[in-house]
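Notes follow once the structure below has been shown.
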Amino acid sequence: MRRFNEARRNPLPRALTALSAVAVLTSSAVACSSSGSEGSDTTGSAPVTLTVQQQTGQETLFGYFAKEFHKAHPNVTVKLQTISQEQKAGSNLTVLGSGNAPDVGFVPVGTSPYTALTSRGGLTDLSDVWSSGDLAKRYGSGVSGSLKVGGKPYVVAFSQAIYNVVWYNPAAFAKAGVTVPTDHRFATSKDLIDAAKKLKSAGYAPLQLGGASGYQASWMVDALLPTSASPAQLENYLASYNGKTEITAKYTDPAFTKVLSTLEKYRKSGVYQDGFLGQKYQDAEAPFLAGKAGMFLGGNFTAADFVPAKTSVKPDWLLLPPVNAGTKMTHTGYYGDALGIPVRAQHKAWAKKFLEFVMSEKAQSEGVVGTANLLPGVKDLPASAFTKLDANSRSILADIAKNGSAAGWTSVVPNALAQTFIDSKIQAMYSGRLSPSALAQQQQDELLSFRKSAS
Amino acid sequence: MSTHSVITASAPGADAGDAAKSTGVVPSRERSRSARRPGTGGRGSGRRSRATTSPLVTRLALVPALLLLAVFVLGAIVQTVRISTTDWVGFGPMHSVGLDNYRTVLKSSDTYQSLGVTLVYAAASAVATIVISSLLAAAVSHGVKGGRFYRVIWFLPGVAPAAAVSIFWTASFQPRSGAVNQVLGHLGLGNAHAWLGDASTAVWPVVFVTVWAGVGFAFLLLLGAMEQVPVSIYEAARIDGASTARQFFSMTLPMIRPVFVMTALLEFMWAFNGFTTVWAMTQGGPGTATSILPVRIYREALLNGQFGPASALAVLSAVVLIAVGLVGVRASRSKEA
């Protein structure tokens, strides 16, 4: 009571409150006044600094984009802002939503920044960029549909990633007496398990998996699901997160539970290396590059690590076995590495020009394929564009042309329901703390909860 | 008023004790301090400053600090509480959902699992840190050979960046190739232990690294406290035949109790709020085996875009921590008074 009376007599707290309020209001006003400049003119020659985000590991590619764009527009200097793999799926949201947002942001599809920004009007409508680049046609209907929200495109996917590629060491296979599967595919689960056993007996680690990465444990769901579910079921699994889509395929159905049971069988049969749940992607890759492991689960982007300076291993690629016998396994595709323009960007018109350049045939063939050894985002590049691509990547592309590819479940469904949610659950299953059926039930419960909160 | 007059009359640089000697008046607070803590002096310079500074100037001098506190501490707390009652996704407008987020968080079994892991991790880290640092500080305080060298060596891990330390130790705990397993292998204890890959053991390497990095700071705090204990007390104890262990448990520890308890409390709170080591080593896995509350809050907010439930969890964990802190502060004061 005494303290209360003292406070009443003391004018200081009230003065401080008033000062704080003034400070907060002033800072808010400054933040508001500095945001939202349209910057619609690209005809002048006034110097412009365009801030573009790039992710770690793609510095060469974005360096090419920056250099070539500056060459075409000498008054525009591209300033690259690097974000990590982890930031792009999480904390980058605070940067993209801030008053100091970059002109071009890295916004992977399905991540929390993408979901938050598209649902709350945080990204600029790119219909004009898509229209001028004829992107709907060049992506193909399936991909272009997955890159739109409410029928509008807010991003451009500059590259296609293929993951769930089982890289193997032919020398290790030969030494361990493992017969290389035909057509780049393990025919059955038994073949994979036998190969893992033989490799272990010969002193090699079997299939290297970065189980602690936060994404690799769930990658294999993406590979196996299309071989377990019917096309109609798969389509529903990819779309049912949207509350307007009726749920016709439950996660407790055999189509999904068989995938989880298969993964659990692999773990119990020793397909993965010892301690895989304590290793991240790079930890798992290192023994493969050093020639100490027979297989490594990676993607087409892993090919960049197979240069002679990094390894003497000369790897080739395989695909995992299907869940249902007789189903053909295809490559898993991800069109999620995408660029968008935050609504608070300062130079939106120049940012759109930049995106148009990134999606041009020149940048796609010279930059994405030729410089970065990645697969292009568009499907209309001439065959001559791929001559610089490494042999394995060309082989993967040829296989996709022949057998097609499937969109990964965790690539399409928002992370909060798919990758971020299920990855730790699969880790728990691998730890023996969750059965496949219990995991499936939790996934179904999460689906209902997600639909409810989204509505 | 008379006290002020007496103290301001003393010469610059002289302390309250000197002033008292010159005037024959001893301020009651200073007297009691001197009686409780022989050798510490009971300095009165703060009182002298207050006497020469007007209340208005004192208050004005506080304004910048209070403004900073209001904006960066109070503002952040208020904003967190506010977000915890909304459906905010990290961007755009906030819509109030009342206490729904608190209900969701409190109903979720994951919350209690996470709280359990946090308490185990924080308690184990704090206990191990305080025990090891006490022993090291006691050794140096009792004049172990090379004491000056050890002061530096034991503090070094605390200077290294937490992320780098975590990456180094993560590699060291890998089966076969990891240094820890190789040492165990040479000792005949097997080299294939998947410490971080096994949900039942993953938390212990993380505790180990937290302790390894935290011992140095606790060691310095405790050593400082131990060196304040008058040597004459130990001499008397030795004359009475007290062993070194008896001296440590019956004299050193009771005499450094306030610092000891506060250090333990700080270590607990730092571990409770820790993120870097756990995230860099396990990202909360395998599964949720090491998913302490800060990791869960990070995942909810930044990976799932659920800022409301994440903020509710942050508020609730702050309440738990404040309760623990109050108990600790009370414990540190109970024998001090």
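Sequence order for the protein chains is A and B.
Taking this note's numbering, the leading residue of the first sequence gets 1, the next gets one more, and so forth.
Taking this note's numbering, the leading residue of the second sequence gets 456, the next gets one more, and so forth.
Beta carbons: idealized from backbone N, C-alpha and C, even for Gly.
- For Pro206(A), the enclosing beta strand (DSSP E) begins and ends at 205 to 208.
- The beta carbons of Pro741(B) and Leu319(A) sit no closer together than 8 Å.
- Taking each of Trp219(A), Tyr272(A), Thr111(A), Thr56(A) in turn and checking the Cα distance to Asp194(A), the smallest one comes out for Tyr272(A).
- Under the Cβ criterion of 8 Å, Phe288(A) is not counted among the residues facing chain B.
- Sorting Val107(A), Pro102(A), Tyr64(A) by C-alpha distance to the C-alpha of Gln85(A) places Val107(A) at the top.
- For Pro749(B), the CB contacts under 7 Å within the same chain, skipping 5 residues up- and downstream, are Asn728, Gly729, Phe730 in chain order.
- The contact set of Gln568(B) on chain A, defined by CB atoms closer than 7 Å, is empty, because the minimum CB distance reaches about 10 Å.
- Within the same chain, Cβ atoms closer than 8 Å to the Cβ of Val104(A) are found at Leu50, Thr51, Val52, Gln53, Leu339, Gly340, Ile341, Ala345, Ala351, Phe354, Leu355, the five residues on either side in sequence being excluded.
- As computed with DSSP, His331(A) is found in a beta bridge with Ser405(A).
- A Cβ-Cβ contact shorter than 8 Å links Trp167(A) with Pro315(A).
- At a Cβ-Cβ threshold of 8 Å, Val664(B) and Ser705(B) do not count as neighbours.
- For the set Asn100(A), Thr43(A), Lys88(A), Glu59(A), the Cα lying nearest the Cα of Asn75(A) is the one of Thr43(A).
- Within the stretch 249 to 328 of chain A, the beta strand (DSSP E) runs of at least 3 residues that lie entirely inside it are, in chain order, 293 to 299, 316 to 318.
- The stretch 661 to 681 of chain B makes contact with the stretch 580 to 588 of chain B, as at least three CB pairs between them are under 8 Å.
- Think of a sphere of 7 Å around the beta carbon of Gly90(A): the chain B residues whose beta carbon falls inside it are Leu757, Leu758, in chain order.
- The alpha helix (DSSP H) runs of length 4 or more contained entirely in the stretch 189 to 244 of chain A are, from start to end of the chain, 189 to 201, 216 to 224, 231 to 239.
- With 16 or more neighbouring CB atoms inside 10 Å of its own CB, Asp222(A) falls in the buried class.
- Listed along the chain, the chain A residues whose CB falls inside 8 Å of the CB of Gln629(B) are Gly275, Gly278, Gln279, Asp283.
- Counting only the Cα atoms, Trp650(B) lies some 6 Å from Thr656(B).
- Put simply, the CB of Thr732(B) is far from chain A, with every gap to its CB atoms at 8 Å or more.
- Of the candidates Pro321(A), Ala89(A), Phe69(A), the residue whose Cα lies closest to the Cα of Thr182(A) is Pro321(A).
- Counting only runs of 3 or more residues that sit fully inside the stretch 110 to 159 of chain A, the beta strand (DSSP E) segments are 155 to 157, in chain order.
- The C-beta of Gln738(B) comes closer than 8 Å to at least one C-beta of chain A.
- Ranked by how close their Cα comes to the Cα of Val572(B), the residues Thr718(B), Thr743(B), Leu771(B) have Thr743(B) in first place.
- Contacts with chain B (Cβ-Cβ distance below 7 Å) from the stretch 61 to 85 of chain A involve no residue at all.
- Between the C-alpha atoms of Pro548(B) and Tyr753(B) there is a straight-line separation of about 21 Å.
- Within 10 angstroms of the beta-carbon of His550(B) lie fewer than 16 other beta-carbons, which makes it exposed.
- Distances from the CA of Thr82(A) to each of Ala418(A), Thr60(A), Val165(A), Arg433(A) were compared; the closest alpha carbon is that of Thr60(A).
- Taking a C-beta distance under 8 Å as the contact criterion, Leu93(A) and Ser112(A) qualify as a contact pair.
- Within the same chain, Val661, Thr745, Ile747, Val750 come within 6 Å of Val733(B) by CB-CB distance, once the 5 residues on both sides are set aside.
- Contact between the stretch 762 to 769 of chain B and the stretch 537 to 547 of chain B is present: three or more C-beta pairs spanning the two stretches fall below 8 Å.
- At a cut-off of 8 Å between C-beta atoms, Ala454(A) does not count as an interface residue with respect to chain B.
- The beta-carbon of Ala615(B) is placed no less than 8 Å from the nearest beta-carbon of chain A.
- Residue-level contact check: Ser411(A) does not touch chain B, since none of the beta carbons of chain B fall below 8 Å from its beta carbon.
- Annotated three-state conformation of Ser766(B) is helix, per DSSP.
- DSSP places Ala338(A) in the uninterrupted beta strand (DSSP E) bounded by 338 to 340.
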